[in-house]
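This report refers to the structure that appears directly beneath it.
In the working numbering, the protein residues as written are 19 to 564.
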């Protein structure tokens, strides 16, 4: 690998999924892994196999289906490394290896904290014991897998001199990648630059075959700046997530690092293997799968990233695009086509437009999308790209239906009590109809749904916004719910499930219908998780690596 190449290590499926409410099913993780491979990431951290049997199986399926060349693929076709995270103990490492071993290029990623705070309060280990554990566990991982990555958790708050010792032992034990995480987003760019430069210069046994990686969190809003500083200091792997999702304030954003290196190439003189025109599409897919809305002013992928409203800006853009845009929207897959779709458009026009947007549908899927499109076109004069993205997300990027909305009617206003009548088709095919009164139409709708589904939960968050402008705009609703099955009577294992948050997404021109769809979407995820046992086990060292 040339020294001007930066490997992109995507941890959306592992660290990103640890965001509250971002939990994905095995099928969703597999589908997203396929998209990440098409995006061109070098390494996919597919999960934390020791967390649960479901997570192990998800990583294994990704190793088999994404970590192997496609049938009939060119011999030169890129196949990503598939990595599994493991704490520094043999059971975790064994599970990680079991999950990734069928990949063409497997990797075991193990970690142990090295900051005084973590060693004293979390691990309750002496520094000497940490050094010995790292040596033993990296050695053990290397007996299973030729590609081993080691991370000193909370490196940003660790003593640099101690880091040199620990990392030197990891190299001696056979680690091929040393990842330096700013786990709690504590450092500033100049501090992180000095930390990476010092590690490269002073770590015993450092040589050209070792890749230095950076993994930064955004607690102070400096994740991307810190990651880029580490890259300037000599790191050649960046650990990132799509849309910057992750624990607390999130991780370094894939799109921000990649597009900074591309846009400011004269400054960095570095390359990545990312197909940047796929960025916008995968951003929307991650948002839909996780239920985490991308803020409008988010760099690169926000809805306002290439929007101009101020008169001065519009005047400049009309005279020359580069006056107010430092990159072309087409470079990240934002399509500027003005093709107008309406109720008179046919299947061919819809298929062509969806293909331009990156959606390849088979005949059955196209039939479903066309039926939804016609329903929407009858209510709107024109159907925009954003409408189509919401329609596709609502039709295909949702969990399988346990309960399905069959019909509803709402009455509200100042003259009476808000009432909702909801009709759902249950998992047994039976239609259930219930009417309920609430403080408002959405509250009444949710109470009616609760009466049918009967799965106790708490609504933590409810967000609604118009996807497009105008009185006939398509409304999009996202919700987050938490299971509420009698926490006081739970054992420790069940309590983990209680603490999990589930996101839901729904879109419709009727915002009450969109609200119902989003709530049912989240409830279906909760029901599937409870019936299929996707809960994660407690981490005996505390929180997972962030």
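All residues carry an ideal CB built from backbone N, CA and C; glycine is no exception.
Item, Value
"Taking all protein chains shown into account, do 16 or more other C-beta atoms lie within 10 angstroms of the C-beta of residue 322, making it buried, or fewer, making it exposed?", "exposed"
"Can the beta-carbon of residue 54 be found closer than 9 Å to that of residue 74?", "no"
"Taking buried to mean at least 16 other C-beta atoms within 10 Å of its own C-beta, is residue 502 buried or exposed?", "exposed"
"Enumerate in chain order the residues of its own chain whose CB-to-CB distance from residue 57 is below 7 Å, with the five nearest sequence positions on each side excluded.", "292, 293, 296, 300"
"Starting from the C-beta of residue 10, find all residues in its chain whose C-beta is less than 7 Å away, skip the five residues before and the five after it, and write them out in chain order.", "Within the shown structure, residues of the chain are numbered from 19 to 564, placing residue 10 beyond reach of any answer."
"Secondary structure at residue 427, three-state DSSP: helix, strand or coil?", "strand"
"Please specify which runs of the alpha helix (DSSP H), each continuous and at least 4 residues long, are wholly inside the region 297-321, giving them in chain order.", "297-308"
"So who's on the other strand from residue 597, going by DSSP bridges?", "Examination of residue 597 is not possible in this model, given that the chain is present from 19 through 564 alone."
"Span of the alpha helix (DSSP H) holding residue 211?", "207-220"
"Assuming contact is defined by CB atoms lying nearer than 9 Å, are residue 254 and residue 25 in contact in what I supplied?", "yes"
"Pair every Cβ in the region 306-319 with every Cβ in the region 361-381, then say whether three or more of these pairs are closer than 8 Å.", "no"
"Give a yes or no on whether the C-beta atoms belonging to residue 193 and residue 166 are separated by under 9 Å.", "yes"
"Keeping to the same chain, check which residues put their C-beta closer than 6 Å to that of residue 261; ignore five residues upstream and five downstream.", "301, 304, 312"
"Just grab the DSSP bridge partners of residue 129 for me.", "105, 169"
"Ignore the nearest five residues each way along the sequence and tell me which others in residue 34's own chain have a CB closer than 6 Å to its CB.", "259, 263, 264"
"Report the CB separation of residue 246 from residue 276 in whole angstroms; it is logged as a contact under 8 Å.", "Not confirmed; about 11 Å, so no contact."
"Classify residue 537 as helix, strand or coil using the three-state DSSP reduction.", "helix"
"If we call anything under 9 Å between Cβ atoms a contact, is residue 133 one with residue 78?", "no"
"DSSP three-state label for residue 65, please.", "strand"
"Is the beta carbon of residue 495 closer than 9 Å to that of residue 470?", "no"
"In angstroms, rounded to a whole number, what distance separates the CA positions of residue 158 and residue 80?", "24 Å"
"Within the same chain, show all residues whose beta-carbon is closer than 8 Å to that of residue 223, passing over the 5 residues directly before and after it, in chain order.", "186, 189, 190"
"Count the other CB atoms, across all protein chains shown, that sit within 10 Å of the CB of residue 29; report buried if there are 16 or more and exposed otherwise.", "buried"
"Can you tell me where the beta strand (DSSP E) with residue 480 in it begins and where it stops?", "475-484"
"Between residue 506 and residue 183, what straight-line distance do the alpha-carbon atoms span, to the nearest angstrom?", "Note that residue 506 has pLDDT 45, beneath the 50 cutoff, so the model's placement of it is unreliable and the number below is only indicative. Cα-Cα distance, rounded: 46 Å."
"If you measure between the beta carbons of residue 210 and residue 244, is that distance less than 9 Å?", "yes"
"Can you tell me where the alpha helix (DSSP H) with residue 243 in it begins and where it stops?", "241-250"
"The ligand GTP and residue 342: does the residue's C-beta get closer than 8 Å to at least one heavy atom of that ligand?", "Of ligands this structure carries none, so the ligand GTP is not represented either."
"Assign residue 45 to one of two classes, buried (16 or more other C-beta atoms within 10 Å of its C-beta) or exposed (fewer than that).", "exposed"
"Using a threshold of 9 Å, state whether the C-beta atoms of residue 106 and residue 82 are closer than that.", "no"
"Residue 526 by DSSP, collapsed to three states: which one?", "strand"
"Smallest Cα separation from residue 363: which of 388, 345, 380?", "388"
"From residue 426 to residue 310, what does the alpha carbon distance come to, in whole angstroms?", "26 Å"
"By the 10 Å Cβ neighbour count, where 16 or more other Cβ atoms means buried, how is residue 552 classified, buried or exposed?", "Annotation note: pLDDT 42 at residue 552 (below 50); position unreliable, coordinate value reported separately. Buried."
"Does the Cβ of residue 348 have 16 or more other Cβ atoms within 10 Å, making it buried, or fewer, making it exposed?", "exposed"
"Give the straight-line distance between the Cα atoms of residue 125 and residue 437, rounded to the nearest whole angstrom.", "55 Å"
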